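**Student:** Taking my numbering, the leading residue of the sequence shown gets 274, the next gets one more, and so forth. Even for Gly, the Cβ is constructed at its ideal location relative to N, Cα and C. From a predicted model like this one, the values you see are computed outputs, not experimental measurements. One structure is given below, represented as structure tokens, and several questions about it will come after.
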Amino acid sequence: MADFKKLLVWQKAHATALDAHRIGGRIRGANHSTLRHQIIKSAMSVPANIVEGSGHQSAREFSRFLRMALNSTTELEYQILTAKDLRVLPESGSLTLLSQIIEVRKMIYGLMRYLSSRAAAGEKPENPRATRLN
């Protein structure tokens, strides 16, 4: 079994989660504690679902977890936008993080398309956990 850490989409998702954790940790005030925790939770969910899915043998199961990761990117995007609009996060950091989230989302879509095309052709993915997407 390949090491999930070699999967480029996981590397980007992990880096984005760390950045979101750092940025989310800057949110102060009791009024915003729920938002802070939700940002951190959804940010960590993206790479965690990629890792969990990569441990499955079938492309179908891997794709199921990629869909969950994809949903978490959408949730995270909304939470960052909300924090920016509430002015509890600086705009520059928010925009950088939003750009990272969109990049990760595109990479997840790309990996899902790859897995789907292999399944449609009746082929077993060569090694979906080590597929590097550009």
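1. Within the chosen definition, does the segment 323-337 reach the segment 349-361 through at least 3 CB pairs nearer than 8 Å?
2. DSSP three-state label for Val361, please.
3. Output needed for Arg378: all residues of its chain with C-beta closer than 6 Å, excluding positions within five of it in sequence on either side, in chain order.
4. Suppose contacts are defined by Cβ-Cβ distances below 9 Å. Is Met385 in contact with Ser336 by that definition?
5. Return the first residue and the last residue of the alpha helix (DSSP H) that Ile312 is part of.
6. Between Val324, Ile381, Leu354, which lies nearest to Leu343 when the distance is taken from Cα to Cα?
7. Throw me the rounded Cβ distance for the Leu308 and Ile300 pair, which I believe falls under 8 Å.
**Tutor:** Result, derived from the coordinates:
1. Proximity of the segment 323-337 to the segment 349-361 falls short of the contact definition, fewer than three beta-carbon pairs being nearer than 8 Å.
2. Reading the sequence shown from its first residue, position 88 is the one you call residue 361. Annotated three-state conformation of Val361 is coil, per DSSP.
3. As a first step, residue 378 must be located in the sequence shown, where it is residue number 105. If we look at Arg378 and ignore the five residues flanking it on each side, its Cβ neighbours are Thr346.
4. Numbered from its first residue, the sequence shown carries residue 385 at position 112. Numbered from its first residue, the sequence shown carries residue 336 at position 63. Yes; because the gap between Cβ atoms is below 9 Å, this pair is in contact.
5. As a working note, residue 312 is residue 39 in the sequence shown. Start and end: 306-327.
6. One-based indexing of the sequence shown puts residue 343 at position 70. Comparing Cα positions, the closest option is Ile381.
7. For the purposes of this step, residue 308 is identified with residue 35 of the sequence shown, where counting begins at 1. For the purposes of this step, residue 300 is identified with residue 27 of the sequence shown, where counting begins at 1. Cβ atoms of Leu308 and Ile300 come within 8 Å of each other, at about 6 Å.
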